[in-house]
Every structure is written in structure tokens, then in C-alpha cells.
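Asker: Chains as they are written, first to last, in UniProt numbering: chain A, 1 to 96; chain B, 1 to 416. Even for Gly, the Cβ is constructed at its ideal location relative to N, Cα and C. Please read these numbers as outputs of a predicted model, since none were measured by experiment. One structure, pasted below without further comment.
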């Protein structure tokens, strides 16, 4: 599999470590009420979809960026990749 | 129809006209007491033990493809009970005992062969860990022997003993471990279940659950609605998809695991041998092919196939362990989709929906568990209480903090 790295171009997936579902970006607030339940769901439960799946790949043997990759889990076709940082910032609209 | 030597002789003399199909192929009835979803090894074993041991009831197995079309026919056929943790080991030893009586019980040749499973160690620390594991195995009633290098050399002289990086320091041997004919296991259980009156319904995909006031009442299928008293799900690989139809999220990620076989060779490998410094395990089938495998692919997949990098990694492990492998030609490679759970251990439990039961999360170790998994799941379905050896396999153990993590890898499914 080749992952289209937004900064480095197409890179072999072997350079990356798979981190799992992109929902891991949405870390719950540990101080909020119901945090134990929220962290159980965050840590242990997965949608585990068959089909288009957003997931995190860490470029461990590259520039050490974490990418948000869109991939079809039934065919292994990679549909796109962005920096996870950019994805989070564009979602929150927050530059900090 | 019972199988026996006499029967084979009689059929040989009468032109083999008396053999009948191993099971009926019935149409689904509108209602059953028990519906088992998944006609693989675990589902068929569940139906068999439910019908034979626990309940005289109306039981059906729903299979979306043909019987045994999933992982029961895709694994490397190894059976063993060499686990460490108290939540796991008694269960797998129970399974090993069921393997030992399986063919007599089913009157079916599943080619169970106790040719031994040898785990090699390559450092003093690893030998210590094996000694501990061997003791845990013996405490559960299993057999285990710690071999020194000369004993390993006698068993398998072809190994690369003097590898500069990973010299072989000994091994943990379970003589009662070995292999079984994987398809034969599925067929044997299917035939046994069918003879006990279970309807095995093929080409019948479950498309939804009918749940009323927190209780499952039946399943929607590609062959119509089937009402059910209790529903057992045994669809490892696709557990999240099926349970998703009931609105439940699972502590599971699906991954692809590859296996490989070479062309047929004369007997060279005495039992099952595993490499302790990489992930590689190998045995030789009765047909002569060297059957081997290694790590999972490491990313979520439902594709039933892997990619070349893992194949390369597995073959490298094999070459490091037994350089003679380089002379063999690879015949086939294939993949299966496995339920990687969050602690590397399975789930056999009730669910928050009344009447809906789950058997899944087998990671890449489901085949050896087939008999005990079926037995324990049938016990749970029939009695609403867990089998004594399967008490730890709770669905809510992650929430309560009672993980059964043999590897100590944490909630990282790709690392188990």
C-alpha cells in the first residue's frame, strides 16, 4: 500500500505504524462528569467498519507526522491522506 | 450413517453406492428455540453440543455462505493448550481434552494428530519465561516439558542452532499438542449437529435483529424472518458488523491474517515448531506441504487477503529459523479476517440485549479453541451461566478492568 503523504508524496505503508480509528483524535475530557464511561468507550470500543474508514497512521520511519488516512477496509484502497494536525485544526477552527 | 472400517469394506464391494450426504440442506422454519448465527467451526460446535449435551430443542445454524467457509478453513490447523494466564489456560486445556476424544465422539475422522508443539527460546530470559509458562500449563493439568539444546537438536536437527543473533537455547514442548484437519472438524461437527436434529441453513445471511423492549425476538435474513427464543452470534472476523445490527459497539478490530503452504515434500518437520525471536510457526501437513504463518497485517481489514510486506517478514523469520526452507517453493498464500480484541483474549458472554449471546474476539487463536468454545457457548446458551473454564471471557471485562492480556500489550489490537 502506498500512502499519499501530504508533505512527502507517496510513501510505502511499511514506513508507518498503524494507530487505529481516527476517533482516537477525540480524546475525552478527563475532568468532565462521566469521564470514566467516556474513556472506556474511547479506549476500548470501535466502530470497526467494513468499507470507508478514517484511521491514523504514524510515519514512524519518516517525518514522524501522524496522518489521517481514508482507506477502504474491504479492498485496502487508499482514498486520501491529510496531516492529522490539519484535520483537527480545521474541525475546531482553532489555531492554538 | 455411521462410519467404520467394516462400512468402508462393504461399500468397496458394492460400488460405493451407499454413501449419503453428510447433512441435510433444509429450508428455514419460521421459528426456533435457538438460532446460532455463523456456520463455522465455533457455530457448528455450539449447535452440536447444545443439541447433544444440553437441550433437546429446535436449533438452527444460519450461515451466509457455505458451512466452514470462513476462518475454520483458513487457519494453520494447530491445536495446543500452552497459555499462561489463569483466565485462559484451563479453558484451552479443556479444549485439548475435547480434541483428544473428538473423533470417537463425532464418529468422524478429523485427523487429530498429537505430534507435539515446540516453542523455541533464544535467550536465558526467554527460557525463564517458558519455565514459568510450563509450570502454569502443568498446574492446569496440561503437559509441558522444558527441553535443552541437545534435546531440541535430536528432535529437529535442521534448525539454525548457531544463529549469531538468535541462537537456540532450548524449547518448551507440549507433546499432546499438534494439528487437526481443519475442514474435517467443521464437517464432523456439522454432521453431528445435523444428526441431532439441528437445521443447518446455508446461503442465509442475517440482515438485522428484531429487538423488542430490550429483548431479541428474532432475526431478519436473506431468506425471510426467523423468530428465535435465544440468538447466539459466532461470527468471529465479522463480530462488529453483526453486533452493529443490534446497536452494540464491540471491543474489537478486524484484521487480516495470512497463511502459507509450500509444495508437497517428504516428511521433514516432526511436529509444530515456533520461532521465539520472530513471529513464525510451521508444521507439515499429512499431504506433505509445509504450512506456516506469522504476524497479522497490522491494520484494520475485511479483505480476506494480506499484502507482500508481511509475507516477506514471515518468510524471513522462517529462513532465520530453518534455512532449508529456502529450497521449498511456495504454493499458495491466503488470508482470513480475525477479530482482534482489546486484550488478545476471546469473549463468550451475554450481551446487554436479553436473549442475545456473543462468542467472538478469537484473535488469531480460534481454531484450537473450537471444541471448548462450542461447549462453553452451548453451556451459556442453555443455562444462562458461564462454563467454569470460560468465566473470565466477559464482554464487560474491559470496563471493569479485568483484562486477560497474555502479551501485556494493552488496548492495541494490532499488537496482540
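Pick out whichever of 219(B), 270(B) and 259(B) has its Cα sitting closest to the Cα of residue 33(B).
Answerer: Checking every option, the nearest Cα to that of residue 33(B) belongs to 219(B).
Asker: Counting contacts by CB-CB distance shorter than 8 Å, is residue 342(B) in contact with chain A?
Answerer: Chain A contact via Cβ: present.
Asker: Counting along the chain, where does the beta strand (DSSP E) carrying residue 119(B) start and finish?
Answerer: Note, residue 119(B): beta strand (DSSP E), 117–121.
Asker: List the DSSP bridge partners of residue 210(B).
Answerer: Note: residue 210(B) sits in a beta bridge opposite 218(B).
Asker: Among 416(B), 283(B) and 327(B), whose alpha-carbon lies nearest the alpha-carbon of residue 345(B)?
Answerer: Among 416(B), 283(B) and 327(B), the Cα nearest to that of residue 345(B) is on 416(B).
Asker: Along chain B, in chain order, which residues have C-beta atoms closer than 7 Å to that of residue 43(A)?
Answerer: By Cβ distance, chain B contributes 411.
Asker: Are the CB atoms of residue 318(B) and residue 280(B) nearer to each other than 8 Å?
Answerer: The answer is yes: Cβ separation under 8 Å.
Asker: At what residue ranges does the region 36–86 of chain B contain a whole run of the alpha helix (DSSP H), taking only runs of 4 or more?
Answerer: Complete alpha helix (DSSP H) runs here, min 4: 41–49.
Asker: Answer yes or no: do residue 97(A) and residue 21(A) have a C-beta to C-beta separation smaller than 8 Å?
Answerer: Outside the modelled stretch of chain A, which goes from 1 to 96, sits residue 97(A), for which no answer is possible.
Asker: Mind checking which residues open and close the alpha helix (DSSP H) that includes residue 5(A)?
Answerer: No alpha helix (DSSP H) holds residue 5(A); the beta strand (DSSP E) holding it covers 2–5.
Asker: Is the Cβ of residue 353(B) closer than 8 Å to any Cβ of chain A?
Answerer: Closer than 8 Å: no.
Asker: Just to check my reading of the structure: residue 272(B) and residue 73(B) have Cβ atoms closer than 8 Å, yes? What is that Cβ distance to the nearest angstrom?
Answerer: The Cβ separation is near 19 Å, so there is no contact.
Asker: Please state the DSSP three-state secondary structure of residue 235(B).
Answerer: Coil at residue 235(B), not helix or strand.
Asker: Counting contacts by CB-CB distance shorter than 8 Å, is residue 50(A) in contact with chain B?
Answerer: With 8 Å as the cut-off, residue 50(A) counts as an interface residue toward chain B.
Asker: Have a look at 326(B), 407(B), 217(B) and 291(B) and flag the residue whose alpha-carbon is nearest the alpha-carbon of residue 363(B).
Answerer: Among 326(B), 407(B), 217(B) and 291(B), the Cα nearest to that of residue 363(B) belongs to 407(B).
Asker: Could you check if residue 80(B) is buried or exposed, using at least 16 other CB atoms within 10 Å of its CB as the buried criterion?
Answerer: By the 10 Å Cβ count, residue 80(B) comes out buried.
Asker: Do you know whose CA, among 14(B), 20(B), 15(B) and 30(B), lies nearest residue 2(B)'s CA?
Answerer: If we check each option's Cα against that of residue 2(B), 20(B) comes out closest.
Asker: Which residue from 389(B), 36(B), 167(B) and 385(B) puts its Cα closest to that of residue 206(B)?
Answerer: With distances taken between Cα atoms, residue 206(B) lies closest to 36(B).
Asker: In this structure, what does DSSP give as the bridge partners for residue 10(A)?
Answerer: According to DSSP, residue 10(A) bridges with 4(A).
Asker: Need the endpoints of the alpha helix (DSSP H) that residue 351(B) sits in, please.
Answerer: Looking at the DSSP string, residue 351(B) is not in any alpha helix (DSSP H), and its letter there is neither H nor E.
Asker: Quick one: is residue 55(A) near chain B, going by C-beta distance under 8 Å?
Answerer: Closer than 8 Å to some Cβ of chain B, the Cβ of residue 55(A) qualifies, so yes.
Asker: With a CB to CB cut of under 8 Å and the five nearest residues on each side skipped, what residues in its chain are close to residue 144(B)?
Answerer: Here the set comprises 82, 133, 134, 135, 137, 138, 172, 173 and 174.
Asker: Relative to the alpha-carbon of residue 234(B), which residue among 141(B), 369(B) and 111(B) has its alpha-carbon at the smallest distance?
Answerer: Here the closest residue by C-alpha is 369(B).
Asker: Smallest Cα separation from residue 148(B): which of 314(B), 325(B), 308(B) and 121(B)?
Answerer: Taking only the C-alpha atoms, the option nearest residue 148(B) is 121(B).
Asker: Do three or more CB pairs link the region 186–201 of chain B to the region 101–116 of chain B at distances below 8 Å?
Answerer: Because the criterion of three Cβ pairs below 8 Å is met, the region 186–201 of chain B and the region 101–116 of chain B touch.
Asker: According to DSSP, simplified to helix, strand and coil, what is residue 314(B)?
Answerer: The answer is helix: DSSP assigns residue 314(B) an H, G or I state.
Asker: Touch check for the region 287–296 of chain B and the region 246–261 of chain B: three-plus C-beta pairs under 8 Å?
Answerer: As far as the Cβ criterion goes, the region 287–296 of chain B touches the region 246–261 of chain B, which means the pair count is three or higher.
Asker: What are the residues in the region 244–266 of chain B lying within 7 Å of chain A by C-beta distance?
Answerer: Residues 249, 250, 251, 252, 253 and 254.
Asker: Can you list, in chain order, the residues of its chain whose CB lies under 7 Å from that of residue 29(A), leaving out five sequence neighbours each side?
Answerer: Only 35 meet the Cβ criterion.
Asker: Could you tell me the alpha carbon to alpha carbon distance between residue 243(B) and residue 290(B), rounded to whole angstroms?
Answerer: Their Cα atoms are separated by approximately 37 Å.
Asker: From residue 413(B) to residue 354(B), what distance separates their C-alpha atoms?
Answerer: The straight-line gap from Cα to Cα measures roughly 28 Å.
Asker: Any idea what DSSP makes of residue 42(A), helix, strand or coil?
Answerer: Residue 42(A) falls in the helix class under three-state DSSP.
Asker: Which first and last residues belong to the alpha helix (DSSP H) in which residue 93(B) is found?
Answerer: First-last of the alpha helix (DSSP H) with residue 93(B): 89–106.
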